[in-house]
Structure formats: C-alpha cells, structure tokens
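In the working numbering, the protein residues as written are 753 to 850.
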Amino acid sequence: MLELNKEFLEHDTNTDIISFNYSKNKTLRAEFFISLWAIALSAEEFSQSIENETIRVMVHGVLHCLGYTDASDSDKKQMRRLEDQFLNMFHVKRQNHV
C-alpha cells in the first residue's frame, strides 16, 4: 500500500484504502486497494470489529469516487458524517468494545 500511495498519490504514508475512480455518466466504476493490516489497526484504535471498520473503509472509498475529499479537517468531519449515514442505512452499529 505504501508503494501504491507513493506512486499514484505522492503520499509517503501507509493508508487503509486507495481508490481509483473510473466513473462516468453517473455510473460508479472503481478499483479499491484495501489494507487489512491498516484496517485492523484502526479497528483496535476505535474499538470496532474488523468487519465494521472494513465496511467503513469501503464506504469511504465510494465517497471519494463521488467527489468527496478528506484533505482538510472540515472535509474529514463531513466524510465521517457521511460514512456514519451510509453505515446506519445498513444497520452497522459502532461497537463499544472489540
């Protein structure tokens, strides 16, 4: 993931998901590279199951393909709010423990 992040996004950090958006004409077409290692770390940090955190990361990737960014703090807050809205649609509840 680090090498993909460096090569395609010019970021020198690990990440949980990299999205390649090929969408056209209101049709979502994308490729997602997901790091289960990074998801496991986030799940532990936020006291979530790996399953819940994986779903959140997938939603996050879709949101990027829909034009949302997380470059600024306000963008990150909006992205988290939208992630929560989508997760609630699928009845995914945040857990209080792992």
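All C-beta atoms, glycine included, are put in the ideal place defined by N, C-alpha and C.
Environment of residue i [buried if 16+ CB atoms lie within 10 Å]
i, result
"residue 837", "exposed"
"residue 816", "buried"
"residue 826", "exposed"
"residue 850", "Bear in mind that the predicted position of residue 850 carries a pLDDT of just 47, short of 50, making it too unreliable to give a figure here."
"residue 812", "buried"
"residue 833", "exposed"
Start and end residues, beta strand (DSSP E) containing residue i
i, result
"residue 782", "782-786"
"residue 865", "Residue 865 lies beyond the range of the chain shown here (753 to 850); nothing can be said about it."
"residue 773", "769-773"
Helix, strand or coil at residue i according to DSSP, with G and I counted as helix
i, result
"residue 862", "Because the chain spans 753 through 850 in this model, residue 862 falls outside it and cannot be assessed."
First and last residue of the uninterrupted alpha helix (DSSP H) at residue i
i, result
"residue 813", "802-817"
- Query: Do three or more CB pairs link the region 783-792 to the region 827-837 at distances below 8 Å?
  - Reply: no
- Message: Would you call the region 774-781 in contact with the region 796-804, where contact means no fewer than 3 C-beta pairs closer than 8 Å?
- Response: no
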